[in-house]
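Each residue of the sequence shown is one higher than the one before, counting from 762 in the numbering used here. No residue lacks a Cβ here, since even glycine has one placed at the ideal position from N, Cα and C. The next block holds one structure in the form of structure tokens; read it before the comments.
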Amino acid sequence: KSLQSTDLEVIYTSLEVLIAVGCCLGNMLVIWAVWSCRALSQTTFCFVASLAVADLLVGAVAVPFAVVVDGRLKTSFHCCLFISCVVIVLTQASVHSLLAIAVDRYLRVYNPLRYRGAVKKKHLWTAVTICWLSAFILGLIPMLGWHKKDTTTAENSTITCHFITVIHMSYMVNFNFLACILTPTIIMMVLYLLLFNMISKQLRKGVGIRAVESMSFYHKERRLAYSLALVLVLFAVCWLPLHIMNTLDYYMIVKVPPVAFHVGILLSHANSAINPIVYAFKVPKIKMAYKKRLLSKTCKTCFI
């Protein structure tokens, strides 16, 4: 290796370590806040906790695995394939949790009375289970055969583990990106646009038997929707560059340099460390929960 490539490798690894620490500490605090505070027990915050679990696992599992599958380990073909698939699974879990949050907020505003009566704890846990189960199914598809050719032999049974050595880019571009990331992202954006439109219409009316309570409800919903929409926008900003580069490179439209890919990977991982910061500054209930949890371990209800 040249000195330049060695220096870049050290910088890349150091940044990955910092991101991993930020992911773990920040999202542990989110999970702790949601788990321990009664005011955060509503469905949306349970989906936020599901997203935080995925982000925590990005720091604890995906980042170390991403460093490993960057040509730093010799392993069997299928072991390298499994490690690479785990990284994809966690991305899918994040997407599905974000989609669940968007659908939940839309339904809550579309028909508040029916929502409160119909959505029970069992429905919540079923939805969270579906999010994670579908993430595993979609992320592990390469293990079922949609992968690159196994070039190992009886005499040489190991390979230098590299993501692009085992994962077929047709899967990454045509299926993982276009079908499983870009399409849900567009759906979520449409849902938030419809949500903001509904809230604006209700606020413009400002009449009814319980107009004051109704206005307060929609103002709160709009503030929370803006904050959660920001989480979605940041997800798109952090993840789309890497997938766009994959697409351009796969279809040979542009030859993307390795340094650009590594910057894209760092940006995608950084997204999992950013979310807890967004919650702290933009979501009042979580902000208060942070303060209560950090100031007093004996707090039981936090606030109403």
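Going by DSSP, what residues sit across from residue i in a beta bridge?
{"i": "H908", "result": "I928"}
Can you tell me where the beta strand (DSSP E) holding residue i begins and where it ends?
{"i": "L834", "result": "D831 to T836"}
{"i": "T921", "result": "I920 to H923"}
Quick one: measure Cβ to Cβ for residue i and residue j, integer angstroms, because I've assumed they're closer than 8 Å.
{"i": "A823", "j": "I792", "result": "The pair is not a contact, with the Cβ atoms about 17 Å apart (cut-off 8 Å)."}
{"i": "Q963", "j": "S977", "result": "Not really, about 11 Å apart at Cβ, beyond 8 Å."}
{"i": "I849", "j": "G900", "result": "4 Å"}
{"i": "V870", "j": "M959", "result": "5 Å"}
{"i": "T780", "j": "A1034", "result": "The residue you asked about is not Thr; residue 780 is Ile in the sequence shown. 5 Å between Cβ atoms; contact."}
{"i": "I1038", "j": "L801", "result": "That belief does not hold up - the Cβ atoms of I1038 and L801 are roughly 17 Å apart, past 8 Å."}
Who are the Cβ neighbours of residue i in its own chain at under 8 Å, not counting the five residues just before and after it?
{"i": "S811", "result": "A854, S858, A861, V889, C892 and W893"}
{"i": "L1027", "result": "Y773, L776, E777 and I780"}
If you drop the 5 nearest sequence neighbours on each side, which residues of the same chain put their C-beta closer than 6 Å to that of residue i?
{"i": "E777", "result": "V824 and V828"}
{"i": "N1007", "result": "M933 and V934"}
Could you spell out the range, first to last residue, of the alpha helix (DSSP H) harbouring residue i?
{"i": "N1036", "result": "P1019 to K1043"}
{"i": "F876", "result": "One point to set straight first is that residue 876 is Tyr, not Phe, in the sequence displayed. Here the alpha helix (DSSP H) through Y876 covers P873 to A879."}
{"i": "V951", "result": "T944 to K966"}
{"i": "I902", "result": "Segment: none, I902 is in no alpha helix (DSSP H) and carries neither H nor E."}
{"i": "L939", "result": "That residue, L939, is in no alpha helix (DSSP H); it is neither H nor E in DSSP."}
{"i": "V814", "result": "T804 to L818"}
Apart from the five residues on each side of it in sequence, which residues of its chain come closer than 7 Å, Cβ to Cβ, to residue i?
{"i": "L955", "result": "Y867"}
{"i": "V880", "result": "T804"}
{"i": "A1021", "result": "M1006"}
{"i": "M904", "result": "L842, F843 and C846"}
Using the C-alpha atoms, what's the distance from residue j back to residue i?
{"i": "L764", "j": "Y773", "result": "Low local confidence applies: a pLDDT of 41 at L764 is under 50, so the model's placement there is unreliable, with the coordinate-based value given in what follows. Approximately 14 Å between the Cα atoms of the pair."}
{"i": "T852", "j": "F936", "result": "13 Å"}
{"i": "P1019", "j": "A815", "result": "27 Å"}
{"i": "A1067", "j": "L985", "result": "No information on residue 1067 is available, as it lies outside the stretch 762 to 1065 that the chain covers here."}
{"i": "K883", "j": "K1053", "result": "28 Å"}
{"i": "F924", "j": "L817", "result": "21 Å"}
{"i": "C840", "j": "H929", "result": "15 Å"}
{"i": "T912", "j": "F838", "result": "8 Å"}
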